[in-house]
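Residue numbers (my numbering), protein chains in the order written: chain Z, 1 to 200; chain W, 201 to 400. Just so you know, even glycine gets a beta-carbon here, dropped at the ideal spot from N, CA and C. Computed from a predicted model, the values in this text were never measured in an experiment.
There are 2 protein chains.
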Amino acid sequence: MPKKQNYHHGNLRQQLLTKADEMISSGGLDSLTMREIGKQIGVSRTAPYNHFKDKSALLSAVATEYFLDLKNRLSAIDATDYEDAMDYFKAMSNTYLEFALENPERYQLMFGKNSLRRSDYPELKIAADEAFYQLILIIEFLQRYNILKEGNSRSYAYIAWASFHGLSSLIIDKQIEHQVDSKILTDFTIQTLIEGMKKD
Amino acid sequence: MPKKQNYHHGNLRQQLLTKADEMISSGGLDSLTMREIGKQIGVSRTAPYNHFKDKSALLSAVATEYFLDLKNRLSAIDATDYEDAMDYFKAMSNTYLEFALENPERYQLMFGKNSLRRSDYPELKIAADEAFYQLILIIEFLQRYNILKEGNSRSYAYIAWASFHGLSSLIIDKQIEHQVDSKILTDFTIQTLIEGMKKD
DNA sequence: AAATTAAATTGACGTTGTCAACTTAAAAAC
DNA sequence: GTTTTTAAGTTGACAACGTCAATTTAATTT
Numbered sequence: 001m002p003k004k005q006n007y008h009h010g011n012l013r014q015q016l017l018t019k020a021d022e023m024i025s026s027g028g029l030d031s032l033t034m035r036e037i038g039k040q041i042g043v044s045r046t047a048p049y050n051h052f053k054d055k056s057a058l059l060s061a062v063a064t065e066y067f068l069d070l071k072n073r074l075s076a077i078d079a080t081d082y083e084d085a086m087d088y089f090k091a092m093s094n095t096y097l098e099f100a101l102e103n104p105e106r107y108q109l110m111f112g113k114n115s116l117r118r119s120d121y122p123e124l125k126i127a128a129d130e131a132f133y134q135l136i137l138i139i140e141f142l143q144r145y146n147i148l149k150e151g152n153s154r155s156y157a158y159i160a161w162a163s164f165h166g167l168s169s170l171i172i173d174k175q176i177e178h179q180v181d182s183k184i185l186t187d188f189t190i191q192t193l194i195e196g197m198k199k200d
Numbered sequence: 201m202p203k204k205q206n207y208h209h210g211n212l213r214q215q216l217l218t219k220a221d222e223m224i225s226s227g228g229l230d231s232l233t234m235r236e237i238g239k240q241i242g243v244s245r246t247a248p249y250n251h252f253k254d255k256s257a258l259l260s261a262v263a264t265e266y267f268l269d270l271k272n273r274l275s276a277i278d279a280t281d282y283e284d285a286m287d288y289f290k291a292m293s294n295t296y297l298e299f300a301l302e303n304p305e306r307y308q309l310m311f312g313k314n315s316l317r318r319s320d321y322p323e324l325k326i327a328a329d330e331a332f333y334q335l336i337l338i339i340e341f342l343q344r345y346n347i348l349k350e351g352n353s354r355s356y357a358y359i360a361w362a363s364f365h366g367l368s369s370l371i372i373d374k375q376i377e378h379q380v381d382s383k384i385l386t387d388f389t390i391q392t393l394i395e396g397m398k399k400d
């Protein structure tokens with residue numbers, strides 16, 4: 001029980017990241033204001049500015065963590081766990097979709113229109129690229145084993161990513177009639193995608 | 201040259217819609233503020249509130265127009281113009297993608313995370329549904345002619361929509377390496393999608 | 001012509017991001 | 001061990017924004 005009543009906080013940066021994630025996850029992106037996050041941590045409204053240039057920089061750091069999480073989840077999938085190679089692909093697809101749908105608020109920070117230009121935040125770009133690279137790896141694996149068509153693996157990865165991303169976005173933004181069971185729809189999407197990419 | 205120096209403006213509502221589109225198209229969503237749009241039209245900052253309950257209502261009205269535009273473009277595609285039925289599908293796909301990429305700012309208002317809940321704006325929902333319905337119609341047409349697999353046309357429409365939407369979003373948000381030619385990628389996506397949906 | 005109503009105006013308020021000037025305590029230099 | 005420097009935190013202030021309330025103006029209805 002650290003009774004840190006110090007003027008200097010010590011680990012404010014880390015606490016900001018943790019609290020930011022907490023606020024985003026529970027209350028959505030809009031609930032995170034620089035003033036409020038200071039208040040909740042028990043620090044003045046401008047204290048965060050000693051650790052992050054501005055709000056975008058804080059959000060970018062949080063988004064970077066999310067991309068690393070996604071990357072880890074994708075890379076944790078082990079091909080040898082699946083007898084049928086296609087199940088490996090399905091596992092990857094489901095992992096992505098679960099990630100997106102399990103916490104839409106997080107996903108929205110990563111991809112939503114909140115003007116986080118990747119080019120302005122190199123770490124964010126690297127983390128995002130790494131997550132995407134996992135997708136390429138899986139595609140290339142399946143190509144090597146003659147499961148998927150040959151061809152530019154990066155392009156196929158983009159197609160898969162676009163499908164998952166589009167589907168996630170539509171579901172998250174409630175643009176799909178809610179009678180529609182999203183589990184059935186995601187399965188159907190994965191199946192159609194495989195059909196379009198698999199070797200005859 | 202209407203020298204309308206009247207106190208009462210006459211057609212402010214329509215001018216607001218026009219100017220809002222103008223501002224969004226050229227400067228992006230963030231450039232549209234209630235104060236600025238008033239200034240640009242030559243009217244006080246709160247004048248718009250006589251015609252739209254709040255900023256969201258104005259944005260919703262603009263978004264509705266965009267959806268109607270999309271619907272019109274999709275319904276203008278005539279199946280009889282295409283010898284190969286598959287070209288009909290491709291034309292539809294390209295129309296959607298061109299719509300999205302030709303003016304990303306507009307597209308972002310329609311789909312971006314700016315909390316326009318459809319349920320709060322019935323007209324918006326109707327317009328969006330109508331645009332989507334065009335997609336269903338095309339799918340059903342191709343199913344009738346034995347080009348595409350049978351099955352729930354709405355589900356296939358969702359899959360197609362998700363693919364286009366995901367691809368558009370990724371390109372718009374510059375999440376695709378810019379060495380990648382987006383025309384080649386969109387063609388490749390359309391082809392893969394067709395492959396996954398077409399009847400063997 | 002009077003009354004009502006629709007449309008526009010100015011003033012004000014609270015919220016937000018963030019800058020500037022200042023203070024405090026820790027770290028570094030002597 | 002004292003002094004100096006620097007990192008981290010504080011309060012005050014400002015501009016931009018959305019929007020409400022009170023008011024004024026002009027068109028419409030009576």
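- Around the C-beta of Pro304/W, 16 or more other C-beta atoms lie within 10 Å, and the residue is accordingly described as buried.
- Taking all protein chains in view, the Cβ of Tyr121/Z is crowded by 16 or more other Cβ atoms within 10 Å, so the residue is classified as buried.
- Taking a Cβ-Cβ cut-off of 8 Å, the neighbours of Leu370/W in chain Z comprise Tyr158, Trp161, Ala162, His165, given in sequence order.
- Between Arg118/Z and Ala131/Z the beta-carbon gap is near 12 Å, outside 8 Å, which marks them as no contact.
- Taking C-beta separations shorter than 6 Å and ignoring five residues to either side along the sequence, the partners of Arg235/W in its chain run Arg245, following chain order.
- Among the residues facing chain Z, Thr389/W is included, as its CB has a counterpart in that chain under 8 Å away.
- One finds Tyr158 in chain Z with Cβ atoms closer than 7 Å to the Cβ of Ile376/W, taken in chain order.
- Assignment of alpha helix (DSSP H) within the segment 53-124 of chain Z, counting only whole runs of 4 or more residues, yields 55-75, 85-102, 104-111 in chain order.
- Residue Ile139/Z holds the alpha-carbon nearest to the alpha-carbon of Asp87/Z among Leu16/Z, Tyr49/Z, Ile176/Z, Ile139/Z.
- Using a Cβ-Cβ cut-off of 8 Å, Met397/W is close to Thr192, Glu195, Gly196 of chain Z, given in chain order.
- Under the three-state reduction of DSSP, Leu335/W is assigned to helix.
- For Tyr158/Z, the enclosing alpha helix (DSSP H) begins and ends at 153-172.
- Boundaries of the alpha helix (DSSP H) around Gln191/Z: 182-197.
- Any Cβ of chain Z closer than 8 Å to the Cβ of Arg235/W would place that residue at the interface, and such an atom is absent.
- Bridge pairing for Leu348/W: Lys398/W [DSSP].
- At a C-beta separation below 7 Å, Ser155/Z has these neighbours in chain W: Leu385, Phe388.
- If the five residues before and after Trp361/W are omitted, its C-beta is found closer than 7 Å to the C-beta atoms of Phe332, Leu335, all from its own chain and listed in chain order.
- For Arg118/Z, the residues of chain W that pass the 8 Å Cβ criterion are Lys374, Gln375, in the order they occur in the chain.
- With a cut-off of 8 Å on Cβ pairs, the segment 147-156 of chain Z is not in contact with the segment 173-181 of chain Z, counting fewer than three such pairs.
- CA-CA distance, Ser155/Z to Leu385/W, rounds to 7 Å.
- Taken through DSSP and simplified to helix, strand or coil, Glu177/Z comes out as coil.
- With fewer than 16 other Cβ atoms from the protein chains shown falling within 10 Å of its own Cβ, Tyr145/Z counts as exposed.
- Of the other Cβ atoms in all chains shown, fewer than 16 fall within 10 Å of the Cβ of Gln179/Z; this residue is therefore exposed.
- Inclusion of Leu367/W and Phe289/W in the CB contact set at 8 Å is not warranted, their separation being larger than that value.
- Burial of Gln308/W is indicated by the presence of at least 16 other C-beta atoms within 10 angstroms of its C-beta.
- Comparing alpha-carbon positions, the option among Ala47/Z, Ala61/Z, Ala76/Z, Gly112/Z lying closest to Leu137/Z turns out to be Ala76/Z.
- In this structure, the CA atom of Ala279/W is about 7 Å from the CA atom of Ala285/W.
- Boundaries of the alpha helix (DSSP H) around Gly227/W: 212-227.
- By the CB criterion at 8 Å, Leu74/Z and Met92/Z fall inside the cutoff.
- Just measuring C-alpha positions, the residue of Ser26/Z, Leu16/Z, Ile24/Z, Arg106/Z sitting nearest Phe67/Z is Arg106/Z.
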